[in-house]
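Order-wise, the sequence lines are chains R and P.
For the first sequence, the residue numbers in our numbering are 82 to 191.
For the second sequence, the residue numbers in our numbering are 262 to 376.
Take a look at the structure below.
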Amino acid sequence: DAGVTQSPTHLIKTRGQQVTLRCSPKSGHDTVSWYQQALGQGPQFIFQYYEEEERQRGNFPDRFSGHQFPNYSSELNVNALLLGDSALYLCASSFRGGQFFGPGTRLTVL
Amino acid sequence: DAKTTQPPSMDCAEGRAANLPCNHSTISGNEYVYWYRQIHSQGPQYIIHGLKNNETNEMASLIITEDRKSSTLILPHATLRDTAVYYCIVRVGAGNTGTASKLTFGTGTRLQVTL
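What follows is the structure, encoded as structure tokens:
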């Protein structure tokens, strides 16, 4: 079992660009959550997907959007990137509650 | 989800027990206490969770006070590899499929294990 995987591991973008991050959940998991972790802070919840729908959303603007595919994998899209979007983006998958995290994607916005 | 309070940092000698406290005085009756840790530049790792009884697994023990307003995570024999940020989180239930089960992280306790 590969666990939760994320791609890419690192990404550099410039302000105003758009980015797509990808997550494959742990085998048997049907729910995917996304978190943003700024340097020195704890992870902050962005949103959660189940049955290809957004089920809950944290305090993030509409520039942050997502998608879940029939195979339960998920994408996080961020439009009009700002310098403040530089962070570690974490994906967590779950089935009946327990969340398992991937290694994250380090996004740097210049 | 209830707010938690943890000390920002702690030190522990290798081989000794590490006792990490957490206050959650506003915890509700249906909220569980979860502990995660995050080793530098990795995703958070689940350690243990409990409702009101003490719990033990291969990684750690969780002691919850009778009034459930505080808890302590115990690493019985800390090693250098236990150096990490430890997060105490309270959340409703263990979750059901389709039920939103977000984790609300604070800033955690940075545990430094030394020789």
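Every residue gets a Cβ at the ideal spot worked out from N, C-alpha and C, and that includes glycine.
task: State the beta-bridge partners of alanine 345/P as determined by DSSP.
output: Leu372/P
- prompt: Do we get a CB-CB distance below 9 Å when we pair proline 106/R with the residues of chain P?
  reply: no
message: Against glutamine 303/P, what residues of chain R qualify as contacts under a CB-to-CB distance less than 8 Å, listed in chain order?
response: Pro184 and Gly185
- prompt: Nearest chain R C-beta to leucine 372/P closer than 9 Å, yes or no?
  reply: no
message: Which residues in chain P have a C-beta closer than 9 Å to the C-beta of phenylalanine 141/R? List them in chain order.
response: The contacting residues do not exist; phenylalanine 141/R stays about 12 Å from chain P at best.
task: For my contact list, tyrosine 116/R and leucine 171/R are in at a C-beta cut-off of 8 Å; report their separation, rounded to the angstrom.
output: 4 Å
message: Looking at leucine 334/P: is its Cβ nearer than 9 Å to the Cβ of asparagine 280/P?
response: yes
query: Got a sec: is the Cβ-Cβ distance from threonine 126/R to anything in chain P below 9 Å?
result: Note that residue 126/R is phenylalanine in the sequence shown, not threonine. Judged by the 9 Å Cβ criterion, phenylalanine 126/R is in contact with chain P.
- prompt: Whose Cβ in chain P lies nearer than 7 Å to the Cβ of serine 154/R?
  reply: The contacting residues do not exist; serine 154/R stays about 17 Å from chain P at best.
field: isoleucine 308/P classed as buried or exposed, judged by whether at least 16 other C-beta atoms fall within 10 angstroms
entry: buried
task: With 9 Å as the threshold, decide whether the Cβ of asparagine 357/P is near any Cβ in chain R.
output: Caution applies to asparagine 357/P, whose pLDDT of 49 falls short of 50 and renders its modelled position unreliable; the value that the coordinates give is listed next. Yes, asparagine 357/P lies at the interface with chain R (some Cβ there is under 9 Å from its Cβ).
field: Cα-Cα separation, serine 175/R to arginine 138/R
entry: 16 Å
message: Does the CB of leucine 341/P have a neighbour CB from chain R at under 9 Å?
response: no
- request: Identify the contact partners of glycine 147/R in chain P, using a Cβ-Cβ distance below 8 Å as the criterion.
  value: Residues of chain P passing the Cβ test: none, with the nearest at roughly 14 Å.
field: Under 7 Å from the C-beta of glycine 369/P: neighbouring residues of chain R
entry: Gly123
query: Taking one C-beta from the stretch 263-278 of chain P and one from the stretch 311-318 of chain P each time, how about it: are there three or more such pairs within less than 8 Å?
result: no
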